[in-house]
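Notes follow the structure.
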Amino acid sequence: MSPGVYLLNRDASPQFHVPILVRVIRELTDRHPPYGWTWIDCYQLDRHGDATEKRQLFVMPEGIRPVRVAPVPYPARRAPARTSR
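Oh and the sequence shown: position 3 is 2 in numbering that gives the first Met the number 0, straight run, nothing missing.
If you want it as C-alpha cells, here you go:
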C-alpha cells in the first residue's frame, strides 16, 4: 500500500460505518493479519485535510479508495465576520 490520502468506509472494514479520511504513512508489514487484511499506520484527517489523530488501523486494502484533498488556506477557514447593527 502506498502512502497517500484515502477514504475508509465499510468496504475497508465494518468499523467504518461513518467514513473517515486518513493519510497513510506506511503499511505495518511486521504484523501477520488474516489473508486479505493489513495494518496501516496513519493520521485521521479533519474536513480541512489536517491531521487530528495518529492511528493504527486494521483494513482490507481492496476496500480503501484514494482521494485528492485540496489544501484549504488558513484565512479561508475562518467564519465570515459578523456585522453589527
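Here a beta-carbon is modelled for each residue, glycine too, at the ideal position from N, C-alpha and C.
Count the other CB atoms within 10 Å of the CB of residue 58; is the residue buried (16 or more) or exposed (fewer)?
For the purposes of this step, residue 58 is taken as residue 59 along the sequence shown, with counting starting at 1. Answer is buried; the Cβ neighbour count reaches 16.
In this structure, how does DSSP classify residue 62 when only helix, strand and coil are distinguished?
Indexing the sequence shown from 1 puts residue 62 at position 63. If DSSP states are grouped into helix, strand and coil, residue 62 belongs with the helices.
Does the distance from the CB of residue 20 to the CB of residue 38 come in under 8 Å?
The residue you call residue 20 lines up with position 21 of the sequence shown. The residue you call residue 38 lines up with position 39 of the sequence shown. It is not a contact, given that the beta carbons lie outside the stated cut-off.
Which same chain residues end up closer than 6 Å to residue 51 when comparing Cβ atoms and leaving out the 5 residues on each side of it in sequence?
Locating residue 51 in the sequence shown gives position 52, counting from the first residue. 43, 45, listed in sequence order.
Note down, in chain order, each residue of its chain lying with its Cβ closer than 7 Å to the Cβ of residue 32, except the 5 sequence neighbours on either side.
Locating residue 32 in the sequence shown gives position 33, where the first residue counts as 1. Excluding residues within five positions, the ones whose Cβ falls inside 7 Å are 38, 57.
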